[in-house]
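A.B. asks: In our numbering, the protein residues as written are -13 to 464.
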Ligand SMILES: Nc1ncnc2c1ncn2[C@@H]1O[C@H](COP(=O)(O)OP(=O)(O)OP(=O)(O)O)[C@@H](O)[C@H]1O
């Protein structure tokens, strides 16, 4: 092996071994000179079986053209983020994305090549299951119950506009901050359209790995790339119905170009296919960036934007429709009361006032989560008289120490002492109970609460039992 290559490997081996990525290095003759533990796991091949042997011996199925490591050696070419599906030594399919670079010495001569790969097998399986489940479930979803709760005149007008748009067949772009209800509007558009009985499928672009977009949208044919199977994509699955593209601004521009072509022609090819497929799909897209910002930051192709925003809806943030807050809060009380086994019927005026004053950066979803969390911890029979809002803690006026933050967080303040409220032990116990409640309300996950209190989980459970703190099991269990 080249002495420079050997020196570099021995210097970096410990670091490369600790990476959660598969790393393999070949020398100028294509023999493995480094093969880390993650490579061995992915390939299901012992490092000892690979080291010192030529790549083509270890993988007889590969050849000079299909191996990017050998290509990098041969042509000095670099490969970035290449998606590949292959079968490992025990016949298991492995989805990976790799980057392969030639390694050169000080004179510029190629002395080897390195490949770094990320395992996408699990992500891919989850993604395929998600697409399949959506296709199977679409008929059972209660899409007619789109459940938009509002008393705000601007929102009511928006619902009417959406109902009018639903009766047409134009593409619609929905803009609104996160959690404002964009998906609810997308469902309304589908469920009140002539496509209502047909599939309604969703692709969350922000949650889709870049390499899986094309196969998710267009599907694949057997042999499109090593190991590819015959699979329909979402466009085919949504034939006759609607495809909702959530967080469209996260879709790579190259995929947007292909989507635009498919929308213009209403035909496309599965990845690797020569046959064109004709579909009839209505696209509804959502984004949490304004069209102007998307264009400025180059998060959308202008031609795709103009194609999609024939119908355009802007959903106002919750802070701009404060009258909706009490209505939504009561709606969530009713929706989640059953789930939490709670009999709470009312919300106290003080809580309603605090809810209405809050800025709601996470909009309706945040309000829903806060209501659910407060219901779980509500100890007062029929009225919700407590709600914990994150930023209240930073802005609230100082409270008596027993009901607020731990003393360590209050450097310099004196606790209020009330000698009539019990012995020292009783007062300390009361204070400890308050502190535990504070952490448990703030961190409904038991392990997280224990970590934040600096207690072992079992000790926290013991103390909860001691102080009679009982919590809804489904939320506390992690
Ligand atoms: N007007 C509303 N009435 C009732 N529930 C609502 C309303 N708006 C939003 N919600 C609820 O809030 C949650 C978030 O809504 P949704 O997923 O539609 O928001 P989004 O804008 O699509 O969010 P994101 O940008 O994160 O994808 C959902 O549980 C939804 O049911």
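Virtual Cβ for every residue (Gly too), placed ideally from N, Cα, C.
Are there 16 or more other CB atoms within 10 angstroms of the CB of residue 481, so buried, or fewer, so exposed?
C.D. replies: Limits of the chain in this structure are -13 at one end and 464 at the other, which puts residue 481 out of reach.
A.B. asks: With contact counted as at least three CB pairs below 8 Å, one residue from each stretch, are the stretch 154 to 169 and the stretch 308 to 323 in contact?
C.D. replies: Touching, no, given that fewer than three Cβ pairs across the two stretches are closer than 8 Å.
A.B. asks: Which class does residue 331 belong to by DSSP, given the choice of helix, strand or coil?
C.D. replies: Residue state, collapsed to three classes: coil.
A.B. asks: Is residue 235 near ligand 1, in the sense that its beta carbon is under 7 Å from a heavy atom of that ligand?
C.D. replies: No - ligand 1 has no heavy atom lying nearer than 7 Å to the Cβ of residue 235.
A.B. asks: Less than 8 Å separating the beta-carbons of residue 513 and residue 86?
C.D. replies: A query on residue 513 cannot be resolved here, the shown segment of the chain reaching from -13 to 464 and no further.
A.B. asks: To which residues of the same chain is residue 138 closer than 8 Å at the C-beta, ignoring the five residues directly before and after it?
C.D. replies: Excluding positions up to five away in sequence, the list reads 302, 307, 309 and 310.
A.B. asks: Kindly indicate which residue of 271, 432, 320 and 190 has the alpha-carbon position closest to the one of residue 329.
C.D. replies: For residue 329, the nearest C-alpha among the options comes from 320.
A.B. asks: Assess contact between the stretch 277 to 288 and the stretch 226 to 246, defined as three or more Cβ pairs (one per stretch) separated by less than 8 Å. Is contact present?
C.D. replies: Counting Cβ pairs under 8 Å, three or more are found: they touch.
A.B. asks: Give the single residue among 241, 192, 351 and 348 whose Cα lies nearest to the Cα of residue 272.
C.D. replies: When each option's Cα is compared against that of residue 272, the closest is 192.
A.B. asks: Along the chain, where does the alpha helix (DSSP H) containing residue 430 start, and where does it finish?
C.D. replies: Premise fails: residue 430 is in no alpha helix (DSSP H) and is neither H nor E.
A.B. asks: Between residue 135 and ligand 1, is the CB less than 7 Å from at least one heavy atom?
C.D. replies: For ligand 1, at least one heavy atom lies less than 7 Å from the Cβ of residue 135.
A.B. asks: Mind the definition here: the stretch 12 to 19 touches the stretch 52 to 59 only if three or more C-beta pairs lie below 8 Å; say whether that holds.
C.D. replies: Cβ pair count under 8 Å is three or more, so yes.
A.B. asks: For the beta strand (DSSP E) containing residue 70, list its first residue and its last residue.
C.D. replies: Taken as a continuous stretch (DSSP letters only), the beta strand (DSSP E) holding residue 70 covers 65 to 73.
A.B. asks: Which word fits residue 25, buried or exposed, when buried means at least 16 other C-beta atoms lie within 10 angstroms of its C-beta?
C.D. replies: Burial call: buried.
A.B. asks: Please look up how many angstroms separate the CB atoms of residue 230 and residue 172, rounded, as I've assumed it's under 8 Å.
C.D. replies: Contact flag correct, Cβ pair sits at about 4 Å.
A.B. asks: With DSSP as the reference, identify every bridge partner of residue 217, one or two as the case may be.
C.D. replies: Residue 217 pairs with 206.
A.B. asks: What is the DSSP secondary structure of residue 312, counted as helix, strand or coil?
C.D. replies: Helix at residue 312.
A.B. asks: Would the C-beta of residue 274 count as close to ligand 1, meaning under 7 Å from any of its heavy atoms?
C.D. replies: Checking the Cβ of residue 274 against ligand 1 gives yes.
A.B. asks: Using alpha carbons as the reference points, say which of 419, 434 and 440 lies closest to residue 451.
C.D. replies: It is 419 whose Cα lies nearest to the Cα of residue 451.
A.B. asks: Residue 79 bridges to which residues according to DSSP?
C.D. replies: Paired residues: 73.
A.B. asks: Would you mind stating whether residue 255 and residue 261 have Cβ atoms separated by less than 8 Å?
C.D. replies: Going by C-beta atoms, residue 255 is nearer than 8 Å to residue 261.
A.B. asks: With a threshold of 7 Å on Cβ separation, who are the neighbours of residue 375 within its own chain once the five nearest residues in sequence on each side are excluded?
C.D. replies: Excluding positions up to five away in sequence, the list reads 340, 344 and 356.
A.B. asks: For residue 314, verify whether its CB is less than 7 Å away from any heavy atom of ligand 1.
C.D. replies: Yes, ligand 1 has a heavy atom inside 7 Å of this Cβ.
A.B. asks: Are the CB atoms of residue 37 and residue 48 within a distance shorter than 8 Å?
C.D. replies: It is not a contact, given that the beta carbons lie outside the stated cut-off.
A.B. asks: Grab me the residues of residue -12's own chain with a C-beta within less than 8 Å of its C-beta, minus the 5 sequence neighbours each way, in chain order.
C.D. replies: For residue -12, where only same-chain residues beyond five positions count, the Cβ hits under 8 Å are 13, 14, 91, 97 and 98.
A.B. asks: Going by alpha carbons, who is nearest to residue 148 out of 165, 177 and 164?
C.D. replies: The option with the nearest alpha carbon to residue 148 is 177.
A.B. asks: On the DSSP letters alone, give me the boundaries of the beta strand (DSSP E) that residue 298 sits inside.
C.D. replies: 297 to 301 is the extent of the beta strand (DSSP E) around residue 298.
A.B. asks: Could you tell me the alpha carbon to alpha carbon distance between residue 79 and residue 352, rounded to whole angstroms?
C.D. replies: C-alpha separation (whole angstroms): 40 Å.
A.B. asks: Do you know how far the Cα of residue 101 is from the Cα of residue 1?
C.D. replies: Roughly 15 Å separates the two Cα atoms.
A.B. asks: Under the rule that 16 or more other beta-carbon atoms within 10 Å means buried, what is residue 409, buried or exposed?
C.D. replies: Answer is exposed; the Cβ neighbour count stays below 16.
A.B. asks: Count the other C-beta atoms from every protein chain shown that fall within 10 angstroms of the C-beta of residue 4, then say buried if there are 16 or more, exposed otherwise.
C.D. replies: Exposed.
A.B. asks: Taking 7 Å as the limit between beta carbons, can you name the residues of its chain near residue 454, skipping five residues before and five after?
C.D. replies: The answer is none, since no qualifying residue turns up.
A.B. asks: By how many angstroms is the C-alpha of residue 347 removed from the C-alpha of residue 334?
C.D. replies: Going by the C-alpha atoms only, they are around 23 Å apart.
A.B. asks: Determine the extent of the beta strand (DSSP E) in which residue 190 is found, giving its start and end residues.
C.D. replies: Segment 186 to 190, the beta strand (DSSP E) holding residue 190.
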